[in-house]
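The numbering used here puts the first residue of the sequence shown at 5, with every later residue one more than the last.
Positions of the beta carbon are idealized from the N, C-alpha and C atoms, including for glycine.
Since the structure is predicted, the reported quantities are computational estimates derived from the model, not experimental observations.
Below is one structure; the comments refer to it alone.
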Amino acid sequence: MKILIVSGFLGAGKTTFIKELIRRSGIRPVILENEYGGNTIDSQELRSVEQNSQKIEVLEFMEGCVCCTLKDKFKNSVLTIFSGLNPEYLIVEPTGIGRLSNLIYNLQSILHDNITLLKPIVVLSPQNF
């Protein structure tokens, strides 16, 4: 399983980027969405994406951040996704306030031949850059 982290500040366009990536590449990933608070707008938007007439699997982490407060649950979830769903790609969209370096560091302990980390993508809003 290849893990792709799509990071960026709140409102930078991470979800839009992921939707376009799926549409243009033809991949059918599992998406792990980190929503801070009870807002599930991004997850609902990603669930509407279809690839090869099948809905995209979107899993959510709510009420915390996968880079710090939920880091152990996050690692366990990645391993569960690998062993249970075994997707070719896992796309992780952390909350816009998370630290990308912490997220990468937290994943290091579970990486091996079958779970690899692709170079992360950081989405920037031209208006706010």
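request  = Pull up the CB-CB distance for T19 and E97, whole angstroms please, since I reckon it's below 8 Å.
outcome  = 7 Å
ask   = By Cβ distance, which residues of its chain are closer than 8 Å to S81, with the 5 residues on each side in sequence left out?
value = L36, L63 and F65
query = Start and end of the beta strand (DSSP E) containing I162?
reply = With the chain covering only 5 through 133, there is no way to say anything about residue 162.
request  = Run the CB neighbour count on G102, radius 10 Å, all protein chains shown included, and call it buried at 16 or more, exposed below.
outcome  = buried
task = With I7 as the anchor, note down where its beta strand (DSSP E) starts and where it stops.
result = K6 to S11
message = Helix, strand or coil, according to DSSP, for I26 in the structure here?
response = helix
task = Taking only the alpha-carbon atoms, compute the straight-line gap between L8 and N132 and give it to the nearest angstrom.
result = 24 Å
request  = On a CA-only basis, which of V34, G68, L14 and K23 is nearest L83? Give me that one, please.
outcome  = Of the candidates V34, G68, L14 and K23, the one whose C-alpha sits nearest the C-alpha of L83 is V34.
ask   = So C71 and L128 are in contact, right, with Cβ under 8 Å, and what is the actual spacing, rounded?
value = No, C71 and L128 are not in contact; Cβ-Cβ is about 19 Å, not under 8 Å.
query = In three-state DSSP terms, what is N106?
reply = N106: helix per DSSP, three-state reduction.
task = Provide the residue span of the alpha helix (DSSP H) that contains L122, from first to last.
result = That residue, L122, is in no alpha helix (DSSP H); it is neither H nor E in DSSP.
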